[in-house]
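Before any comments, here is the structure.
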Amino acid sequence: MENIKIAVYGQGKMGLPLAQVLAQYYKVIGVDINENLINNLNKGINPIKDEPGLDELLVKNLKNNNYEATTSFPHASKNSSIHIILVPTLIKENKPDLSIVKSVAGNISKELKKGDIVITECTMPPGSTEILIPILETSGLKYKDDFGMAHCPERTMTGTAIRDITEQYPKITGASDDKTLKILKEIYANINKKGVIVMSSIIAAELVKVLEGCYRDVNVALANELDYVCEKYEINSDEIFKAANSQPYCNIHKPGYVGGHCIPYYPWFVMDDKTELMRTARKINEDVIDTLIMKVISGLNEFNKTIKDSNILILGLTFRGDVYEFEHTPAEPFIEKLKKFKAKIYAYDPLCNDADYERFGVEFKSIDNFKGIDCIVILAEHKEFYDIDWEGVRDEMRGMVVVDMRGVVK
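Just so you know, numbering that gives the first Met the number 0 puts 29 at position 30 of the sequence shown, and the rest follows in order with no gaps.
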């Protein structure tokens with residue numbers, strides 16, 4: 000097993016940490032189409048700055064000659080026996096787009112060898128891994144007879160990827176055959192202290208990750224409705240949820256908008272005319288933006304102001320706290336709706352630069368003072384926001400409206 004060489008296709012926020020963890024035990028080739036990224040990786044320059052431990056692993060693995068990065072798919076495929084695909088699964092008009100995954104499989108097939116194993120780690124609709132079989136068989140090799148396949152979904156979050164890969168959750172594995180399964184169990188058991196959960200099939204493994212996301216999406220939707228109930232009685236939902244969750248059978252999630260590149264998309268992988276609850280949950284979670292707008296309007300109205308006459312400060316442009324990612328961020332639809340009301344919009348995010356503010360079409364404002372601000376809307380729970388003297392903010396603001404989607408203000 001020590002002589003196994005592994006190629007990881009996709010060196011982004013999920014693929015690069017996986018490649019570096021694997022490179023502590025095996026020879027690894029990291030593959031990506033981004034030439035600038037590859038050049039930097041081979042120089043030991045890590046582009047993902049908010050991933051603890053990644054800098055050190057990259058430098059160490061390069062020094063030990065256990066990792067190399069390349070844009071050459073033929074080189075990686077020819078010189079590896081384990082091929083891990085970890086590239087984005089796109090969504091277009093609420094339908095999955097596997098074009099990138101299929102393209103990678105096509106490139107692997109050009110140098111696929113007898114005895115090779117092709118693994119998908121990216122989250123995909125059930126049945127997607129086996130859709131790649133005809134593409135891989137263009138190599139002239141036969142599925143199961145000559146090469147194996149598996150789905151072993153990544154279970155990581157940006158900011159904790161290395162921890163998640165190595166010690167946070169067991170690895171889910173579904174393989175085409177016993178020989179493939181045996182090899183993968185050994186590989187993943189080497190890097191994961193929590194071990195491996197073996198699934199009955201590839202499709203079963205695909206379903207695990209997708210349904211995890213569906214569960215969370217539906218439960219956030221429930222939390223949003225329960226939050227509304229608490230508001231109706233003028234009681235802070237955080238107090239109620241904490242008390243309710245002290246009972247082990249209760250697990251009310253944190254309410255708010257569901258962002259990121261995972262959970263908002265996974266329900267669409269399995270939804271049909273029988274999955275009414277999931278469809279309703281998606282709508283509830285998207286409608287959070289309209290609810291926020293109404294809270295801003297009603298709050299300003301109490302001070303005889305309209306949005307058009309007001310200066311509104313948004314705290315947080317990223318999709319969640321302390322992570323520099325904008326995929327499905329609430330800031331985008333919220334700002335677009337505010338603009339329709341002709342509001343004067345300011346924003347502050349400790350992770351953002353001038354280009355980010357320009358992209359969102361908002362004006363940067365420091366949080367050194369809040370003079371002239373009529374309304375503050377908190378969209379991301381950055382640690383820095385918890386340290387704000389909110390009593391002092393109230394005295395500085397022109398208005399006194401704070402809409403807190405993330406439970407920052409206590």
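Heads up, the beta-carbon is just placed ideally off N, CA and C, and yes, glycines get one too.
Every value quoted in this text rests on a predicted model; they were computed, and no experiment measured them.
Under the three-state reduction of DSSP output, N250 falls in the coil class, being neither helix nor strand.
Under the 10 Å beta carbon count, S76 is surrounded by 16 or more other beta carbons and is classified as buried. When rounded, the separation of the alpha-carbon atoms in M293 and E34 is 46 Å. Taking 8 Å as the cut-off, the Cβ atoms of D49 and T157 count as close. When DSSP states are grouped into helix, strand and coil, G398 belongs to the coil group. Taking each of K26, N93, F72 in turn and checking the Cα distance to N60, the smallest one comes out for K26. Sequence-distant Cβ neighbours of R215 in its own chain, meaning closer than 6 Å and more than five residues away, are I262. Exclusion of the five residues before and after A220 leaves A280, I283, N284 as the residues of its chain whose Cβ lies within less than 6 Å of its Cβ. Going by DSSP, T172 is part of no alpha helix (DSSP H) but of the beta strand (DSSP E) stretching over 170-174. Here I375 is bridged, per DSSP, to L312, V401.
With a 10 Å radius around the Cβ and a threshold of 16 neighbouring Cβ atoms, F359 comes out buried.
According to the DSSP assignment, I239 belongs to the alpha helix (DSSP H) that extends over 236-243. Within the DSSP secondary-structure output, Y345 pairs in a beta bridge with L312, E362.
Taking M198 as the centre and dropping the five residues before and after it, the same chain places the C-beta of I171, T172, G173, A204, V207 closer than 8 Å to its C-beta, in chain order.
H74 sits in a helix when the DSSP states are folded into three classes. In the three-state DSSP reduction, M148 falls in the strand class (E or B). Between H82 and I107, the CB-CB gap stays under 8 Å. Linking D237 to I251 through their CA atoms gives a straight-line distance of about 10 Å. DSSP places V209 inside the alpha helix (DSSP H), whose first and last residues are 201-231. Taking 8 Å as the cut-off, the beta carbon of Y24 is found closer than this to the beta carbon of I190.
In the structure shown, E67 falls within a strand segment according to DSSP collapsed to helix, strand and coil. DSSP places D96 within a strand segment (E or B) once states are collapsed to three. Its chain contains K101, A104, G105, S108 as the residues whose beta carbon lies nearer than 8 Å to that of I134, once the 5 sequence neighbours on both sides are disregarded; these appear in chain order. Judged by beta-carbon spacing, I372 lies within the 8 Å limit of R397, meaning their Cβ atoms are closer than that value.
Comparing alpha-carbon positions, the option among D403, R393, V408 lying closest to D386 turns out to be V408. A contact between stretches requires three or more CB pairs, one per stretch, nearer than 8 Å, and the region 254-273 meets this requirement with the region 222-240. In the structure shown, T119 adopts extended strand secondary structure according to DSSP, grouped into three states. Within the region 2-58, the alpha helix (DSSP H) runs of at least 4 residues that lie entirely inside it are, in chain order, 14-21, 34-41.
For K282, the three-state secondary structure derived from DSSP is helix. With three or more CB-CB distances shorter than 8 Å, the region 137-155 counts as touching the region 107-126.
Note on geometry: alpha-carbon atoms of K62 and G29 lie some 15 Å from one another.
Taking C-beta atoms under 8 Å as the contact rule, V20 and G14 fail to qualify, at a distance of about 11 Å.
Residue state for L89 is assigned as strand, using DSSP reduced to three classes. Comparing alpha carbon positions, the residue from G212, D176, R162, I202 closest to K192 is R162.
Bounds of any alpha helix (DSSP H) do not take in V408, whose DSSP letter is neither H nor E. Residue pairing from DSSP places V195 in a beta bridge opposite K170.
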